[in-house]
Amino acid sequence: MNPSSKAEPESAFESRLRRQVIRPVPVQWREAILQEAAAAAHREGETPSNQHVVRRSVNLLRWFSLPRLGWLGLGATWGLILALHIAGQPEPLSDLAGRPPAASEAWAAWTQNQRELARLLDTEPAFAPPPASRPPRQQGSLPRFVPTA
Amino acid sequence: MGLNMAQPRDLERLYDEHAQALFAFLLNFTRDDSETRDLLQEVFTRLAGNPALLEPAREPRAFLLRLAHNLAIDRIRRRSTRASREDAWGTERMETFADTPDPDEASFREALAAALAALPPDQRAVVHLKLWEDLTFESIATLLEIPLNTAASRYRYGIDKLQARLRPIYDELQ
């Protein structure tokens with residue numbers, strides 16, 4: 193069926209349907225509906241209109257929909273943010289060569305000083321020597337567990 | 002179309018020109034007197050509250066029918082959580098057609114009302130707009146926001162169902 197063919201002949205059945213009259217709108221509805229509509233229009237007139245807010249929002253959206261202006265502006269903003277971010281980064285690691293000695297180096301220097309002092313005074317150093325590393329455990333040095341019963 | 006709600010006569014004129022068509026469409030679509038009344042009220046309340054609605058409309062009748070249809074669909078959706086209200090609208094028995102002194106015509110109208118009630122609402126809307134508003138399929142498609150072929154096929158399905166259901170009484174009256 194071609195839907196746009198208005199010339200398609202209407203059947204006798206369709207013509208008969210078309211002749212059937214739908215009942216009229218109740219007369220008493222007219223006044224009530226128009227009164228209520230007028231009251232609604234009056235209420236609408238009393239409330240502050242927000243059309244200007246809607247118009248501003250639409251204009252803003254319209255501005256962003258402009259590809260050259262909107263997207264160039266957005267790109268420039270992001271570029272600026274990136275540049276500021278790079279400029280504010282901390283020093284690179286290669287610049288840390290002149291940093292103060294680490295704690296382990298300071299400890300080693302201090303113990304060396306203490307040893308030297310003890311040697312000069314001919315006394316024992318005032319600190320406990322660092323624990324010797326544990327010798328590797330020999331295999332079978334632990335007692336074997338023998339289940340009883 | 003310039004509609005100035007500061008002058009209620011504009012709204013009255015609009016009502017007098019289009020209320021019958023809106024009533025017939027809504028009555029056929031909802032199959033419910035009180036729903037039709039509420040929806041008709043809503044159409045004119047919206048128009049009175051926002052007269053600019055009609056400004057871009059080239060054909061006020063088509064625009065108003067579209068507004069009425071959308072409001073009816075919104076109402077169906079709002080009530081979809083309850084028992085299938087859309088079906089309840091369609092199956093409700095009510096007076097759709099005007100009284101006639103001819104008993105044959107009266108029985109045909111009664112059978113037609115029952116057959117229309119048995120159609121799905123989307124088919125009923127297309128059949129109504131084609132037969133009783135004499136709209137083209139293009140206009141119907143625009144009004145109901147459906148593709149052109151969908152409008153045409155809904156009409157054909159609807160007419161075929163009506164014909165199948167009314168064939169006995171139709172043949173008898175011929």
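So the protein sequences, as listed, match chains H and D.
Every position in the first sequence, counted from 1, becomes a number in the working numbering once 192 is added.
Every position in the second sequence, counted from 1, becomes a number in the working numbering once 1 is added.
Think of the CB as a built atom: it goes at the ideal place given N, C-alpha and C, for glycine as much as any other residue.
Keep in mind that this is a model prediction, so the values were computed, not measured.
Buried or exposed by the 16-neighbour rule on C-beta atoms within 10 Å, applied to I273(H): exposed
Euclidean distance between Cα positions of T137(D) and K131(D): 7 Å
F98(D), enclosing alpha helix (DSSP H) - first and last residue: Element bounds for F98(D): n/a, residue is neither H nor E.
Beta-carbon spacing of A22(D), R79(D) below 8 Å: no
The alpha helix (DSSP H) enclosing Q304(H), as first and last residue numbers: A295 to L313
Backbone secondary structure at I77(D) - three-state DSSP: helix
Boundaries of the alpha helix (DSSP H) in which P169(D) is found, first to last residue: L149 to L174
Residues, ordered as in the chain, of the segment 94-106 of chain D that lie near chain H by beta-carbon distance below 7 Å: E96, T97, F98 and A99
Cα-Cα separation between H277(H) and G265(H), rounded to whole angstroms: 18 Å
Beta-carbon neighbours of Q164(D), restricted to chain H and to distances below 7 Å: F205
Straight-line gap, F30(D) to G267(H) (C-alpha atoms, nearest Å): 53 Å
Below-8 Å beta-carbon distance, R215(H) vs any chain D residue: yes
Burial state of T46(D), where buried means 16 or more other Cβ atoms lie within 10 Å: buried
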